[in-house]
Amino acid sequence: MPKKYETPLLDELEKGPFPSFVTEIKKAAARSDMAADELGQLEKSYRDKRGYWKHGGIVGVRGYGGGVIGRYSSLADQFPNVANFHTVRINCTSGFFYTSKFLKEACDIWDKYGSGLTNLHGSTGDFVLLGTNTENLEPIFAEFSSRGWDLGGSGSALRTPSCCVGPARCEWSNIDTLGITYACTQEFQDEMHRPAFPYKFKIKTAGCAVDCIASIARADLSIIGTWKGKIATDQAEVANYAKKGMKIQEEIVNRCPSKCMSYDGKELKIDDDNCVRCMHCIAKMTKALKPTGEKGATILMGSKAPFVIGATLSWVIVPFMKLEEPYDELKDLIRKMWEFWDEYGKNRERIGELVIRKGMREFLEFVGIDPVPQQVKEPRRDPFFFWTEADLQK
Ligand code: SF4
12 MPKKYETPLL DELEKGPFPS FVTEIKKAAA RSDMAADELG QLEKSYRDKR
62 GYWKHGGIVG VRGYGGGVIG RYSSLADQFP NVANFHTVRI NCTSGFFYTS
112 KFLKEACDIW DKYGSGLTNL HGSTGDFVLL GTNTENLEPI FAEFSSRGWD
162 LGGSGSALRT PSCCVGPARC EWSNIDTLGI TYACTQEFQD EMHRPAFPYK
212 FKIKTAGCAV DCIASIARAD LSIIGTWKGK IATDQAEVAN YAKKGMKIQE
262 EIVNRCPSKC MSYDGKELKI DDDNCVRCMH CIAKMTKALK PTGEKGATIL
312 MGSKAPFVIG ATLSWVIVPF MKLEEPYDEL KDLIRKMWEF WDEYGKNRER
362 IGELVIRKGM REFLEFVGID PVPQQVKEPR RDPFFFWTEA DLQK
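Residue numbers for the sequence shown, in our numbering: 12 to 405.
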């Protein structure tokens with residue numbers, strides 16, 4: 012029977028309307044010594060206001076430089092079952108689709124060799140297994156790889172590429188997010204499993220600017236589906252939305268970032284030349300509005316939250332790229348970006364930080380992309396130039 016710890020501080024985190032990770036750890040702690048000691052150590056951390064996990068060297072499985080994150084307790088004498096508490100990252104599927112057969116098998120393997128605690132999904136996207144010891148790493152890897160699964164990326168490497176559900180479940184997807192993610196994962200196996208970069212590199216693919224995978228905020232390479240044609244407008248459906256109470260002027264027109272829409276109470280008009288394809292109006296009026304014309308993606312680079320300079324969003328480098336199998340243009344661009352980073356990047360410098368340090372001009376020259384107005388990140392409005400009405404009519 013696993014040891015039972017008193018957890019008055021953690022109990023507080025179970026109160027309130029939201030699901031609690033404490034409740035889940037308690038469930039696992041009822042049958043796992045490891046989860047029980049994890050709970051005990053966590054309570055002590057809250058009490059002492061300090062963490063008790065330490066770095067203790069590199070662990071992994073044979074032939075791989077990543078996929079396992081070593082974690083050791085500095086209180087191994089008090090909590091011996093979490094003396095080692097390593098994390099194993101399993102490469103997620105594109106769009107996070109699993110069969111129930113796999114999920115049951117994964118849980119059985121994890122109950123046998125680990126704490127039983129999982130994290131679906133980690134912020135990179137991996138299927139994360141939390142807490143096992145060093146001796147169990149090879150058996151866990153053998154169990155998963157014999158079923159066709161592989162480890163994900165970790166450390167200074169390409170991290171497991173991830174994407175939104177894309178065309179599998181969403182009619183607004185402009186690109187095959189699942190195919191692109193699968194192709195990148197297969198193409199860059201070496202870069203993912205043998206860390207050789209200055210720091211981590213994340214690729215995230217979203218089918219449209221709604222960006223359900225948040226690629227614009229947390230990927231070194233953000234691939235966001237877009238379209239070239241006009242937005243087809245069904246005025247009868249617009250009228251239906253109005254009839255059902257939608258305040259079209261307030262909720263749609265006034266919130267268009269490029270102010271390219273107008274509504275006279277009857278007809279919704281869009282000046283497509285000035286539309287920035289943000290998806291706001293389409294996502295709100297799915298029955299009335301629809302993108303048309305050629306589909307492809309905008310390629311952006313360089314986002315991450317804890318940058319040295321603060322949080323950054325990705326920066327457009329290619330306004331429109333047609334993305335079709337075998338995605339050679341995209342793969343070549345990724346390789347060129349890595350070459351630039353390899354040449355000039357400092358240790359633990361993300362590629363976006365490097366571009367900010369060296370300048371976008373040098374980056375574009377190196378990777379062979381022509382400068383275009385869409386790459387201008389800021390200022391979006393030039394305070395020294397006064398547009399006249401006549402200019403705007405041109
Ligand atoms: Fe405006 Fe965005 Fe709709 Fe384009 S997609 S018309 S920019 S709200």
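All C-beta atoms in this analysis are idealised placements derived from N, C-alpha and C, irrespective of residue type, glycine included.
Measure the alpha-carbon distance for N102 versus F397 and round it to whole angstroms.
Going from the Cα of N102 to the Cα of F397 covers about 52 angstroms.
In this structure, how does DSSP classify G177 when only helix, strand and coil are distinguished?
DSSP places G177 within a helical segment (H, G or I) once states are collapsed to three.
F199 burial status per 10 Å Cβ neighbour count (16 or more: buried):
buried
Check each candidate in V327, N95, G363, M296 and name the one with the smallest Cα separation from A316.
G363
Between the Cα of I235 and those of I310, D201, A41, C286, spot the shortest distance and give me the residue it belongs to.
I310
Under DSSP, the beta strand (DSSP E) around F138 begins and ends at which residues?
For F138, the enclosing beta strand (DSSP E) has its first and last residue at 138 to 143.
Just confirm the distance between the C-beta atoms of F374 and V366, as a whole number of angstroms; I'd bet it's less than 8 angstroms.
The pair is a contact, with the Cβ atoms about 5 angstroms apart (cut-off 8 angstroms).
With hydrogens ignored, establish whether the beta-carbon of P268 is closer than 7 angstroms to any heavy atom of the ligand SF4.
Under cutoff, so the answer is yes.
When the distance is taken between beta carbons, is L86 closer than 8 angstroms to Y57?
no
Take V72 as the anchor and find which of Y274, F152, A194, K388 has the nearest alpha-carbon.
F152
Am I right that G106 and T188 are in contact with their C-beta atoms under 8 angstroms? What's the rounded C-beta distance?
7 angstroms
Quick one: residues in its chain with C-beta nearer than 7 angstroms to the C-beta of W326, no 5 flanking neighbours on either side, listed in chain order?
L311, M312, G313, K388
Determine the DSSP secondary structure at W326, reduced to helix, strand or coil.
strand
Does the beta-carbon of M45, which I'm using as the reference point, lie nearer than 7 angstroms to any heavy atom of the ligand SF4?
no
Cβ of C219 within 7 angstroms of any heavy atom in the ligand SF4?
no
Spatially closest choice to D381 from E35, M332, I328, W349, by CA coordinates:
I328
Near the ligand SF4: I293 beta-carbon under 7 angstroms from a heavy atom:
I293: yes, Cβ under 7 angstroms from the ligand SF4.
Taking 8 angstroms as the cut-off, decide whether the C-beta atoms of D245 and A299 are in contact.
yes
Whole angstroms is fine: what's the gap from D137's alpha carbon to L403's?
48 angstroms
Starting from the N-terminal side, write out each stretch of the beta strand (DSSP E) that is 3 residues or longer and does not extend beyond the region 218 to 258.
Taking only runs of at least 3 residues, the beta strand (DSSP E) segments lying wholly in the region 218 to 258 are 232 to 238, 242 to 244.
What residue does the alpha helix (DSSP H) around Y338 start on, and which one ends it?
Y338 -> no alpha helix (DSSP H), and no H or E assigned at all.
So what does DSSP say about S111, is it helix, strand or coil?
If DSSP states are grouped into helix, strand and coil, S111 belongs with the helices.
Spatial neighbours of T323 in its chain, beta-carbon cut-off 7 angstroms, leaving aside the 5 residues before and after:
G313, S314, K315, G363
Quick one: does the C-beta of V287 sit closer than 7 angstroms to a heavy atom of the ligand SF4?
The ligand SF4 approaches V287 closely enough that one of its heavy atoms is under 7 angstroms from the residue's Cβ.
Please find out if some non-hydrogen atom of the ligand SF4 comes closer than 7 angstroms to the beta-carbon of I296.
Per the sequence presented here, residue 296 reads as Met, with Ile not at that position. Because no heavy atom of the ligand SF4 lies under 7 angstroms away, the Cβ of M296 does not count as near it: no.
For the ligand SF4, any of its heavy atoms closer than 7 angstroms to the Cβ of M257?
no
Take G133 as the anchor and find which of T98, I191, E116 has the nearest alpha-carbon.
T98
Any contact of the region 144 to 162 with the region 73 to 84, i.e. 3+ C-beta pairs under 8 angstroms?
yes
Rank F29, G27, P28, T34 by C-alpha distance to the C-alpha of T18 and give the top, closest one.
T34
By DSSP's criteria, I80 is part of a beta bridge. Which residues make up the other side?
T98
Extent of the continuous alpha helix (DSSP H) to which P302 belongs
It is not in any alpha helix (DSSP H) - P302 instead sits in the beta strand (DSSP E) that spans 300 to 302.
Would G142 and I186 be called neighbours here (beta carbons separated by less than 8 angstroms)?
A distance of 8 angstroms or more separates the beta carbons of G142 and I186.
Alpha helix (DSSP H) segment containing Y57, residue limits:
Counting along the chain, Y57 sits inside the alpha helix (DSSP H) bounded by residues 44 to 59.
Report the option in N251, D282, G256, M257 whose CA atom is closest to the CA atom of P268.
Checked all of N251, D282, G256, M257; the closest Cα to P268 is D282.
Nearest chain D C-beta to E350 closer than 8 angstroms, yes or no?
Reference to chain D is not applicable here, since this structure consists of a single protein chain.
Three-way DSSP call (helix, strand, coil) for A39 in this model:
Correct three-state label for A39: helix.
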